[in-house]
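Asks: Per full-length UniProt numbering, the sequence shown starts with residue 1, numbered consecutively.
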Amino acid sequence: MANICGKWELTTCDQFDEYMTAIGVEEEKRKIACQVLGVGSKMTHEFSVNGDDWSLRIWTQSGEKEIKFKLEQEFDSATLDGRPVKVKFSKDGDKLIEIQKGATFESINERTVSGDELTMLMTGGGVTCTRKYKRV
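1. Buried or exposed for C129, please, with buried defined as at least 16 other CB atoms from any protein chain shown within 10 angstroms of its CB.
2. Contact defined as beta carbons within less than 8 Å: I believe T60 pairs with S48. What is the distance between those atoms, to the nearest angstrom?
3. Can you give me the C-alpha to C-alpha distance between G126 and G51, rounded to a whole angstrom?
4. Roughly how many whole angstroms lie between the Cα atoms of Q73 and K86?
5. State buried or exposed for A22, treating a residue as buried only when at least 16 other CB atoms are found within 10 Å of its CB.
6. Take V113 and list the residues in its own chain whose beta-carbon comes closer than 7 Å to its own, dropping the five residues that flank it on each side.
7. State yes or no: is the C-beta of G63 within less than 8 Å of the C-beta of R83?
8. Of all the options C13, H45, E26 and K31, which has the alpha carbon lying nearest to the alpha carbon of V39?
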């Protein structure tokens, strides 16, 4: 999974609004999210690993967020729209799996890397959003 380390910029996104609706994001926040987290927003993820310590930095038009974690250890966090969640990352073969559990939803986010492309499948409420990133 070391090939996930590095910086990734969003290039394509399918079913994002439908996914956000399915996990309970309010309409006004969905509109904002589509602008600041959608294609053309220059949204960037950067993964780094130092021993057992992982870091995910996310840059959006509305700011920056850093998440530090260890695989298989649940921690408290918040969705980008501010809702509290329990999060746990794990590896399954060549996939990095992130499970987010909120009060009213659960989202399973799978990330895989093929060459210079990272694919993220976000599944919640019966809807899957596919987001693709290029290495930068």
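Even for Gly, the Cβ is constructed at its ideal location relative to N, Cα and C.
Replies: According to the structure shown:
1. buried
2. Between S48 and T60 the Cβ distance is about 18 Å, and since that is not below 8 Å, they are no contact.
3. 35 Å
4. 10 Å
5. buried
6. N3 and I4
7. no
8. C13
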